[in-house]
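Undergrad: Residue numbers (my numbering): 55 to 260. Just so you know, even glycine gets a beta-carbon here, dropped at the ideal spot from N, CA and C.
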Amino acid sequence: MSGSRGPRAGSVGQVRIVGGRWRNTRLPVSQLPGLRPTSDRVRETLFNWLMPRLAGARALDLFAGSGALGLEAVSRGAAHACLVERDPALATGLRQVVQKLGATSQVQVVGEDALRWLQSAPQAAADIVFVDPPFAAGLWEQVFEQLPRHVADGAWLYVESPVDAVPPVPAEWALHREGSTREVRYALYRRAAATLRGDHHAVSNA
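(1) My parser needs the beta strand (DSSP E) runs of 3 or more residues fully inside the region 163–246; what are they?
(2) Where do the N-terminal and C-terminal ends of the beta strand (DSSP E) with V138 fall, by residue?
(3) Rounded to a whole number of angstroms, what is the C-alpha to C-alpha distance between D186 and E214?
(4) Bridge partners for S129 per DSSP, in chain order?
(5) Kindly list the residues whose CB is nearer than 6 Å to the CB of A168, restricted to its own chain and excluding five residues on each side of it in sequence; keep chain order.
(6) So, V96 versus Y240, is the Cβ gap smaller than 8 Å?
(7) State the DSSP-derived secondary structure class of G67, mapped to helix, strand or coil.
(8) Helix, strand or coil: how does DSSP classify A113 here?
(9) Is I71 closer than 8 Å to A122 when the C-beta atoms are compared?
(10) With contact counted as at least three CB pairs below 8 Å, one residue from each stretch, are the region 135–149 and the region 98–107 in contact?
(11) Kindly indicate which residue of L114, T92, A127 has the alpha-carbon position closest to the one of R107.
(12) According to the neighbour-count rule (16 or more other Cβ atoms, all chains shown, within 10 Å of its Cβ), is D141 buried or exposed?
(13) Would W26 and L201 be called neighbours here (beta carbons separated by less than 8 Å)?
(14) Can you give me the C-alpha to C-alpha distance between G192 and R77, rounded to a whole angstrom?
(15) Going by DSSP in three states, V72 sits in which element: helix, strand or coil?
(16) Does the beta-carbon distance from V217 to E237 come in below 8 Å?
This is how it looks when you write it as structure tokens:
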């Protein structure tokens with residue numbers, strides 16, 4: 055779910071965690087420019103793709119927004135998620151949700167601009183990265199440039215983008231699955247180094 059780029063303008067609804075131990079937990083969604091919740095259907099599809107890789111994984115949710123992607127990952131078995139969100143009010147709300155879920159040992163909320171955080175944070179080894187920025191900001195390429203130092207070998211990368219404007223994902227990421235709605239293209243990639251060990255990738259439309 056993309057992060058915000060403007061002032062807080064009130065709550066417009068909720069999204070829910072689709073599966074796992076926090077299934078049907080409601081997460082508030084605020085009316086903010088650039089905040090665009092990933093639909094329940096798309097998240098269900100994505101996490102069906104990811105399910106065999108979630109157990110014990112470390113997830114990085116950039117432009118976290120409501121936190122639905124990172125929290126869904128932990129709900130379904132990921133060991134840890136880092137949620138990066140620059141809007142102070144959204145970051146505060148995420149911390150409150152994490153506290154309510156009793157998940158402070160598994161979920162870290164970082165109240166910072168995602169690009170600045172990628173440039174300054176210590177090297178990490180995320181197994182799954184969610185990249186769903188505000189579409190109008192066009193931040194995909196800048197994020198991709200910073201990712202290598204933050205991901206593990208064979209990491210998985212989820213990208214949302216406009217259906218008619220697919221961002222150029224670096225060659226080190228091999229397409230695994232993709233799908234689309236009328237407005238959004240969503241795709242899952244794996245770091246191509248894993249293919250050298252004989253891992254095969256299938257491409258399909260959901």
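TA: Let's see:
(1) 180–185, 205–216, 227–234, 238–245
(2) If you number the sequence shown from 1, residue 138 lands on position 84. 134–138 is the span of the beta strand (DSSP E), which, as asked, contains V138.
(3) Here the question's residue 186 lines up with position 132 in the sequence shown. Here the question's residue 214 lines up with position 160 in the sequence shown. Distance between the alpha carbons of D186 and E214: 5 Å.
(4) As a working note, residue 129 is residue 75 in the sequence shown. Partner(s): none; S129 has no beta bridge.
(5) Working through the sequence shown from its first residue, we reach residue 168 at position 114. Answer for A168: L116, F117, V138, listed in chain order.
(6) Residue 96 sits at position 42 when you count from the first residue of the sequence shown. Residue 240 sits at position 186 when you count from the first residue of the sequence shown. It is a contact, given that the beta carbons lie within the stated cut-off.
(7) The residue you call residue 67 lines up with position 13 of the sequence shown. Note: G67 maps to strand in three-state DSSP.
(8) Counted from its first residue, the sequence shown places residue 113 at position 59. Note: A113 maps to strand in three-state DSSP.
(9) Translated into positions along the sequence shown, residue 122 becomes position 68. Translated into positions along the sequence shown, residue 71 becomes position 17. Their beta carbons are under 8 Å apart, which means A122 touches I71 by this criterion.
(10) no
(11) Numbered from its first residue, the sequence shown carries residue 107 at position 53. Closest option to R107, Cα to Cα, is A127.
(12) Residue mapping note: residue 141 aligns to position 87 of the sequence shown, counting from 1. That one is buried.
(13) Because the chain is modelled from 55 through 260, residue 26 falls outside the range shown and cannot be assessed.
(14) By 1-based counting over the sequence shown, the position of residue 192 is 138. By 1-based counting over the sequence shown, the position of residue 77 is 23. Rounded to the nearest angstrom, the two C-alpha atoms are 32 Å apart.
(15) Taking the first residue of the sequence shown as position 1, residue 72 is located at position 18. Coil, per DSSP.
(16) Residue numbering aside, residue 217 sits at position 163 when the sequence shown is read from its first letter. Residue numbering aside, residue 237 sits at position 183 when the sequence shown is read from its first letter. Yes.
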